[in-house]
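**Student:** Quick one: the structure is below, questions incoming.
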Amino acid sequence: MSIFTRDVMKCLFILSLLTSIHQRFLIAALDGSLLSNELKRIKNDIGVNYIQEKFDNFPYETKTDTGSELLQNIQTRLNSSLTDLNEVLNNIKDNIQQADKPDNVHTDLPECCSLPDDRLSYAPEFQTEVDLNTACYTKSRITNSNLKYPTYVISEIMKTNYQNNTNVLWQHYSTTEGISVIYPANKFKQCINFDPRFTSSYAAAAYPEDKDVVIVLDTSSSMVQPSGVYAKPKIVIAKEAVSNVIQTLKEDDRVGIVIFDRSATTPKGEDFHPCYDYKLAFATKANVAKMEVYVSPISESQYADSNFTDALRAAFRYFDSSDDTMDISHREQVILFLSDGKSTGNADPREVIRDENQKYDNRIRIFTYLIGDEKEAMIQLKGMASQVWLNTTHGSIKMGKFQFFDLENQTLLSTVMAQFYLDLPYDDKKDTSIFSVPYVDLFSGVGLITSLCLPVKLNSSLHGVICTDVKISKLLAEVEYFTENEYSYAFIIDKTGRVLMHPLLPNAQFVTLDDDPVLVDISVLEREEDADNMVESMKMGHSGNKTYKKFFIKPRGRLVNDGSSNVNLRAEFFWGPVPKSNFSLCLVLVDDSYSELNESNFPINSSGLKHVFLYHNRNLVKDNHTDCKFYSRRVTFEQSNVKFTQAAFKNPFQYLDRDETADDVKQYALYLTRSSSINPGFREHGIAVEMINRNVLNGNICQDFSKNKNLRSYRVTLPLHIERGFESEVFEMRPIAESNLFIIRVKQKPSLNGCSCVPTSPDDLLCNDHCDCLCHRPIRFDVCTNKYDTKDASPPCSARLPDTSANNEPDILDGLSACFDPACHRKQNKTDCLSEGECSWCEFTDTKEKIETPCCRLKEECTFGKTKFTSRHTCAKPPPTSATRTTDIDKAAIIGATVGCVLMFILIISAVLYCYRHHHPVPDDPYIDAVADMNEISNYIQSERGMNGANDQFPYKCKPEINNLYSESNSF
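For the sequence shown, the positions run -23 to -1, 1 to 949 when mature numbering (1 follows the signal peptide of the UniProt record, and there is no 0) is used.
Here's what the structure looks like:
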């Protein structure tokens, strides 16, 4: 059975399965062949066999591209995209640096929070209302008195950038003084709280080197005193400064926190992982959130003591206890020390720094901040920053910096402390654009985006940071949509080994604000020992290729408990760097050859060209076809229509990110009917217990890194000795030939052993040791180092597939009659009513009043048992009569429309997609393929057990079973 046949059967036969054959099973013996024969009849009636025959007889040409050629092609296209994005940044940077007056005391740009609504219109690519004609500005609540605005000309430059580059999303330039210019103009709700200086993307561009930072905060009782900021005591502005420092750290930075009064404390307790107490934690989204949780409730202590001695020793302990396998030769290591007075400890803090720092070859810098201007405290803290008593025999001095804030400038504490990195040594010649770690688009709430940022300097000093945002799926579309055959894929990592895109991770286009971006090391997903050298080569920016046995995991459905197909194959790996980035790309190929349909094999005469293209959204373009309504859609029997997927376009987001127009459809039609040579963007190429006991239902565990859960599900496999099914005292089970289904009949209520498995997804229930339910357990990993122990772990789960079904605008149905009359009003009971897909059994009104005499009506009058408000009294009046078509015409129309649609699909996509014809690199995984006819079942069972071979070695300790169906434990 081909891929096409499987997909058609999966989509079409389930809807009519129970209703069309339920009476056929009222017999003594359970026989799967009855259902199998019914499925065959349905398949034949809708034209699947006819289409398959045509498909098999098409002429194919075998093509071969080497992995190196494919890799180079994608590298070239990615290089082009990144060059264009860098040009966007450099256009703005050059304009600022070459302007006669880069700063102005005023600006003609509108303020973002004050934009009038009548200037805004919805833009699909931005998922919000914007003004594409101009930029707007925001001003931080923390600014200098002599505030300057960047030249307003950059608004026009940004507008031109957007018009000339399809990948560009938001553009924003943020100055060191707290002014941000944003294109396109968008109405902000809280401009005063928007300050990009306190973001990791801004800080990473200003100082891209990796850092280890320990923040030390004095919480002694004196911190309750008023500060120079209205209505805020010193402890509040201190916590705000600490929070801003944490927010500026990028994913590759590490952080620790110490608070102190008479003694020192670090994060610990039930709410915090034990490693936070003594180990530097990478500044991942989860770890940053935990640090914020720790800082937020901090209040001043009841003790007046400020024990600098214990605080410093606790701070230095972080550097001693952190990951000793990390190369720290290029990492700046810093202690940020904040207090409002001098030490009351039993040792001089300068001596403590000397003694502790010599253990680390004097590599740790000390930055000190004083709230106030008390003289003795100034002397002490300044000496701590300069490390005046340092023993240079253990290494040269790495100078820090001391700063104090009197009442008049305490408003600047947060800004100055959060930008401590500006005082770290850095080679200006290294100024290059930097990609931020992916994050979810805040406006749409869906889809990962990244910011490409570049520092802008005037007279060798940082003036600001210019960024452009781009969708990950858009930037890496060549990687996401790469496929040469059923098992080929591509993935991309950065210089640290962090994965940006991989088929086992959630699709970047559909990650939501409720989800954390999955930022795992590639070793978690590519676990074979043979992959280690390849990954190290990729991290160093090298190129190469290698062949070894690879364990493939492919999803079998959209639900978590649908599970995956697992198979071990020999694969070729081709990798190389992506120019103008710190990314590395790898292509995984199982077979270099593929079969391609060529449009030249399907000549169409000129008179037939006008019939080859009818677009699915017929509201956009008028035609002369006779229409009727079917499932709330305007359709016609006269011609099949066409709908494209995003993969049909060179730039998928050309199709996804904006509303289609009548002109778009016109351009599609002109090109596809050969009336124009201009390409508009298309690509050119309970019983469960009994089943477990009988080894029919087998447990399967996999690791889902999007939720950090080990998921337990079950898969159905018929053992070799019962390949025709079996019968027990509890139930009877038979396979359905030519499908991947089983039919089960319950004979008696099974024993549940005290268990009741209510959840229908592993996500819903935490596993216990008593019941074999669908459930999950948390994945244990080191949150501080963000490392997973995969030595004895289960294999990864396939990525959760999003629901990408289109949200179509409603068709205009005024005056149209139904294409088919389902005769809902003639059905007198609920069972008969629900057996027809277009009918609904009306039991309640839209006001939730129970209908005295329920009735069967069309779904456009009644849905989910409730009438619509326009049809509240539909059961009380006779339904209108409507004309019906004969069964033969119905069947012919369905077959004709289906065949026409497929032929049209082949015509359009022949130069777009590679089509495969019955040849696969290995025998098909039986979970996808249908069970053979009954006399072939033994062979099918044997192939299932032998598909991986006796000598194949899986990369995981727990070898997964190769089965043909997941099953919920409570579904029988």
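Note that beta-carbon positions come from the ideal geometry of N, C-alpha and C, so glycine has one too. Just so we're clear, the structure is a prediction, and the values are computed from it rather than from any experiment.
Grab the span of the beta strand (DSSP E) containing Gly553 for me, first residue to last.
**Tutor:** Ser541 to Pro554
**Student:** Looking at Lys804 and Asp823, is the spacing between their C-beta atoms short of 8 Å?
**Tutor:** no
**Student:** Using only CA atoms, which one of Ile669, Ile159 and Ile789 lies nearest to Asn596?
**Tutor:** Nearest C-alpha to Asn596: Ile789.
**Student:** Can you list, in chain order, the residues of its chain with a C-beta nearer than 6 Å to that of Val191? Leave out the 5 residues immediately preceding and following it.
**Tutor:** Sequence-distant Cβ neighbours of Val191 in its own chain, meaning closer than 6 Å and more than five residues away, are Gly233, Ala292, Tyr295 and Ile312.
**Student:** Between Val265, Tyr525, Ser541 and Lys526, which lies nearest to residue 953 when the distance is taken from Cα to Cα?
**Tutor:** Outside the displayed range of the chain (-23 to 949) lies residue 953, so it cannot be described from this structure.
**Student:** Using DSSP with H/G/I as helix, E/B as strand and the rest coil, what is Ser10?
**Tutor:** helix
**Student:** I think Val65 touches Asn138, with their Cβ atoms under 8 Å apart; what is that distance to the nearest whole Å?
**Tutor:** That belief holds up - the Cβ atoms of Val65 and Asn138 are roughly 4 Å apart, short of 8 Å.
**Student:** For a test of the three-state rule: what should DSSP assign to Arg802, helix, strand or coil?
**Tutor:** It should be pointed out that residue 802 corresponds to His in this sequence rather than to Arg. DSSP places His802 in the helix class (H, G or I) of the three-state scheme.
**Student:** So if DSSP puts Trp818 in a beta bridge, which residue, or which two residues, is it bridged to?
**Tutor:** Cys833
**Student:** At which residues does the beta strand (DSSP E) containing Ile236 begin and terminate?
**Tutor:** Arg231 to Phe237
**Student:** For Cys801, tell me which candidate among Pro855, Ser240 and Ala112 has the shortest Cα-Cα distance.
**Tutor:** Per the Cα distances, Pro855.
**Student:** Would you list the residues sitting across from Cys605 in a DSSP beta bridge?
**Tutor:** Beta-bridge pairing by DSSP links Cys605 to Val612.
**Student:** Restricting to Cα atoms, I'd like to know which of Asp809, Asp189 and Thr196 is closest to Thr225.
**Tutor:** Asp189
**Student:** Can you say whether His850 is buried or exposed, counting buried as having 16 or more other CB atoms within 10 angstroms of its CB?
**Tutor:** exposed
**Student:** Are the region 172 to 191 and the region 215 to 224 touching by the rule of at least three beta carbon pairs closer than 8 Å?
**Tutor:** yes
**Student:** Please list, in chain order, all residues of the same chain as Lys507 whose beta carbon is under 8 Å from its beta carbon, the five residues on each side excluded.
**Tutor:** In the sequence on display, residue 507 carries Asp and not Lys. The answer, listed in chain order, is Lys523, Tyr525 and Lys526.
**Student:** Out of Ser273, Glu706 and Ile721, state which residue places its alpha-carbon closest to the alpha-carbon of Pro712.
**Tutor:** Nearest option by C-alpha distance: Ile721.
**Student:** In the DSSP assignment, what residue or residues form a beta bridge with Ser306?
**Tutor:** DSSP lists no partner for Ser306.
**Student:** DSSP on His371, reduced to helix/strand/coil?
**Tutor:** helix
**Student:** Relative to the C-alpha of Glu133, which residue among Cys113, Arg118 and Ser117 is closest?
**Tutor:** Cys113
**Student:** Between which two residues does the alpha helix (DSSP H) harbouring Val145 extend?
**Tutor:** Counted as a single uninterrupted DSSP element, the stretch harbouring Val145 is not any alpha helix (DSSP H), since DSSP gives it neither H nor E.
**Student:** Among Thr152, Ala258 and Ser204, which one has its Cα closest to the Cα of Lys70?
**Tutor:** Taking each of Thr152, Ala258 and Ser204 in turn and checking the Cα distance to Lys70, the smallest one comes out for Thr152.
**Student:** Pick helix, strand or coil for Tyr295, following the three-state DSSP scheme.
**Tutor:** helix
**Student:** I'd like to check one pair, Tyr346 with Leu315: are the Cβ atoms closer than 8 Å?
**Tutor:** yes
**Student:** Pull the bridge partners of Leu315 from the DSSP assignment, please.
**Tutor:** Partner(s): Leu194 and Tyr346.
**Student:** If we count Cβ pairs, one from each stretch, closer than 8 Å, do we get three or more for the region 426 to 445 versus the region 208 to 218?
**Tutor:** no
**Student:** Could you check what DSSP says for Ile713 in three-state terms: helix, strand or coil?
**Tutor:** coil
**Student:** Among the residues of its own chain, which have a CB less than 6 Å from the CB of Ser520, if the five just before and after it don't count?
**Tutor:** Excluding sequence positions up to five before and after Ser520, its CB lies within less than 6 Å of the CB of Gly553, all in the same chain and listed in chain order.
**Student:** What first and last residue would you give for the alpha helix (DSSP H) that runs through Cys810?
**Tutor:** First-last of the alpha helix (DSSP H) with Cys810: Lys807 to Leu811.
**Student:** Do you know how far the Cα of Lys620 is from the Cα of Leu92?
**Tutor:** 39 Å
**Student:** State the Cα-Cα distance for the pair Phe459 and Tyr37, rounded to the nearest angstrom.
**Tutor:** 21 Å
**Student:** Let me know the secondary structure DSSP gives Gln75 once reduced to three states.
**Tutor:** helix
**Student:** Contact between the region 341 to 355 and the region 318 to 330 is defined here as three or more beta-carbon pairs at a separation below 8 Å; is this criterion met?
**Tutor:** Taking 8 Å as the limit for Cβ pairs, the verdict is that the region 318 to 330 does touch the region 341 to 355.
**Student:** Report the residue from Asp187, Asp80 and Asp791 whose alpha carbon sits nearest the alpha carbon of Lys125.
**Tutor:** Asp80
**Student:** State the Cα-Cα distance for the pair Lys136 and Asn601, rounded to the nearest angstrom.
**Tutor:** 42 Å
**Student:** Among Asp61, Glu503, Asp85 and Thr128, which has the Cα closest to the Cα of Lys78?
**Tutor:** Thr128
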